[in-house]
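Reviewing the structure listed below.
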Amino acid sequence: MTDRDGATPDWLQVRRGQAPLVVSIPHTGTEIPDGIEAKLASPWLARKDADWWIDILYGFAADLDATIVRTAISRTVIDVNRDPSGVSLYPGQATTELCPSTTFDGEPLYREGQAPDAEEIALRRTRYFDPYHQALHAEIARLKQRHRTLVVYDCHSIRSIIPRLFEGTLPVFNLGTNSGRSCHPALAGTVEALCRSSGRETAVNGRFKGGYITRSLGEPDKGVHALQIELACRGYVDEPLGPVSEMTWPTPFDAAYAAPLRETLGSILHACLVFARAAR
Ligand SMILES: N=CN[C@@H](CCC(=O)O)C(=O)O
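Structure follows, in structure tokens:
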């Protein structure tokens, strides 16, 4: 990231652009404060569900003069893509919580009796959750002074096979728009068409409909259009398909392997800008 705002803590990275596009990168962080790390079952489990290499994959967003907001803090500490009130993203279905107690696969993250209590969760919220959302709100407000219409693009990835969360193998592209509520259908339609024209499997508002970032920031009536793209990891890394171990996950980033998918992502972000500028 460039142009870090000196007033923000080191872990919160804000690249201020002028284009009508805010790129949110909430889950690539691997930093865990020592006092929390000591309570965790394993350093590898604590980072297993990071959105590995997504900040590198979308590095080109800076060339589009997008605003990029990223936290370096691990989602294991607190997940900035969950409702801070604790309400589940998918009531009745398996998911992970605001301060997750398990990995996606269901392995306990904490040593026995070491999971955070309500006071500790509130502290993590003040320290790490609120500043991330304040940064997103501040950047949206700044850009709204320049542009009538903005796109907020929330970047994610997940392993292709996680039986606890979904059956079978996840499509490579999973577009979430809070079931059509977080952005204009024309934007969703264009992004879906670009995903499909890449020849990769694509789902829209399937297992992943958009998390708290998409749901809370998308206000199409006010000119703020939010969408989430959840990529299955095999689309950009040589992912082991099946259970993973410390020896096999994460697969290192390989720019040549990721290049075809990155090209599609470039077209998608470009289309977001065309949409925002045309809607002026
Ligand atoms: N890789 C991360 N995935 C998102 C999915 C949000 C959703 O369920 O739509 C997350 O867990 O926050």
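Reminder that position 21 of the sequence shown reads as 21 in the UniProt record's numbering, one-by-one numbering, no gaps.
All C-beta atoms in this analysis are idealised placements derived from N, C-alpha and C, irrespective of residue type, glycine included.
None of the values given here were measured: they were computed from a predicted structure.
Query	Result
Which partner residues of residue 233 appear in the DSSP bridge assignment?	DSSP output for residue 233 lists no bridge partner at all.
Quick one: any contact between the segment 41–53 and the segment 244–261, if contact means 3 or more CB pairs under 8 Å?	yes
Can residue 129 and residue 77 be called in contact, C-beta distance under 7 Å?	no
Starting from residue 71 and walking both ways along the beta strand (DSSP E), at which residues does that stretch end?	67–71
Between residue 240 and residue 160, what straight-line distance do the alpha-carbon atoms span, to the nearest angstrom?	9 Å
Return yes when the C-beta of residue 156 is under 6 Å from any heavy atom of ligand 1, and no when it is not.	yes
From this set, 245, 248, 235 and 227, which residue's C-alpha is nearest residue 272's C-alpha?	227
Can you list, in chain order, the residues of its chain with a C-beta nearer than 6 Å to that of residue 220? Leave out the 5 residues immediately preceding and following it.	183 and 184
How big is the Cα-Cα spacing for residue 60 and residue 268?	12 Å
Just the C-alpha distance for residue 89 and residue 257, rounded to the nearest angstrom, thanks.	32 Å
Closest by CA to residue 45, which one among 178, 108 and 63?	108
Can you grab the Cα-Cα spacing for the pair residue 1 / residue 13, in whole Å?	Low confidence applies here, because residue 1 scores a pLDDT of 40, under 50, leaving its location unreliable and the question unanswered by this model.
Whole angstroms are fine: how far does the CA of residue 96 sit from the CA of residue 118?	16 Å
Which value, in whole angstroms, describes the spacing of the CA atoms of residue 83 and residue 210?	12 Å
Could you tell me the distance, in whole angstroms, from the CA atom of residue 259 to the CA atom of residue 230?	17 Å
Can you tell me which of the three DSSP states residue 182 falls into?	coil
In whole angstroms, give me the CA-to-CA distance for residue 10 and residue 142.	21 Å
Rounded to the nearest angstrom, what separates residue 236 and residue 49 at their Cα positions?	16 Å
Please classify residue 139: is it buried, with 16 or more other beta-carbons within 10 angstroms of its beta-carbon, or exposed?	buried
For a test of your reading of the model: does the CB of residue 89 fall under 6 Å from any non-hydrogen atom of ligand 1? Yes or no.	yes
Give the single residue among 28, 20, 43 and 197 whose Cα lies nearest to the Cα of residue 111.	43
Between which two residues does the beta strand (DSSP E) carrying residue 207 extend?	Taken as a continuous stretch (DSSP letters only), residue 207 belongs to no beta strand (DSSP E), as it is neither H nor E.
Would you identify the three-state DSSP class for residue 27, choosing helix, strand or coil?	coil
May I ask you to report which of helix, strand or coil DSSP gives residue 172?	coil
On a Cα-Cα basis, can you pick out the residue from 145, 32, 153 and 120 that is closest to residue 215?	153
On a CA-only basis, which of 199, 204 and 58 is nearest residue 189? Give me that one, please.	204
Please state if the CB of residue 150 and the CB of residue 87 are separated by a distance shorter than 7 Å.	no
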